[in-house]
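Take 1 as the starting number for the sequence shown in the working numbering and just add one per residue. Virtual Cβ for every residue (Gly too), placed ideally from N, Cα, C. The structure appears right after this line, and notes come after that.
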Amino acid sequence: MRRYSPGQVAEQTGFSIDTLRYYERIGLLDDIERNSGGQRVFTEDDVSWLMILRCLRETGMPIQRMVRYAELARGGEDTIAERLEVLEEHDQDIDTKIEQLRAEQEHIRAKIAYYQRELHGTGAGAGASRA
């Protein structure tokens, strides 16, 4: 199995070396090997796990829930139902966030349309919104 230095892992995953250390300290990374000089050495499995963490983080999962998910993942097959529940809850949170963003996007699009009308001289003129 291939091994990676912290710098290589940071480059592959987009996490900083400080973030990798932090994730190890709080329990998101577990059993990271070290070489004879004490430097962390990551496996392909570690990189795959980090990519899952990247996805969870980028979609807004709180760190505490990520830690809970990591604890469950280390628990083996007995925790599959709980892991599924955590991910389903997060999926619902993502749906809610997307709905909120779509509503905000509609507001922004209405403002764009307003400015386009103003720019082309088809706007309401005096008294129109300045914002």
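Grab the span of the beta strand (DSSP E) containing residue i for me, first residue to last.
i, result
"residue 68", "It is not in any beta strand (DSSP E) - residue 68 instead sits in the alpha helix (DSSP H) that spans 63 to 74."
Just to confirm, are residue i and residue j a CB contact at a threshold of 7 Å?
i, j, result
"residue 54", "residue 19", "no"
"residue 43", "residue 94", "no"
"residue 73", "residue 28", "no"
With 16 as the cutoff for other CB atoms within 10 Å, does residue i come out buried or exposed?
i, result
"residue 107", "exposed"
"residue 31", "exposed"
"residue 61", "buried"
"residue 46", "buried"
Note the first and the last residue of the continuous alpha helix (DSSP H) segment covering residue i.
i, result
"residue 135", "With the chain covering only 1 through 131, there is no way to say anything about residue 135."
"residue 102", "80 to 119"
"residue 10", "6 to 13"
"residue 21", "17 to 26"
Once the 5 residues before and after residue i are set aside, which same chain residues still bring their CB inside 6 Å of it?
i, result
"residue 23", "29"
Could you pull out every residue in the same chain whose Cβ sits closer than 7 Å to the Cβ of residue i, ignoring the five residues on either side in sequence?
i, result
"residue 91", "none"
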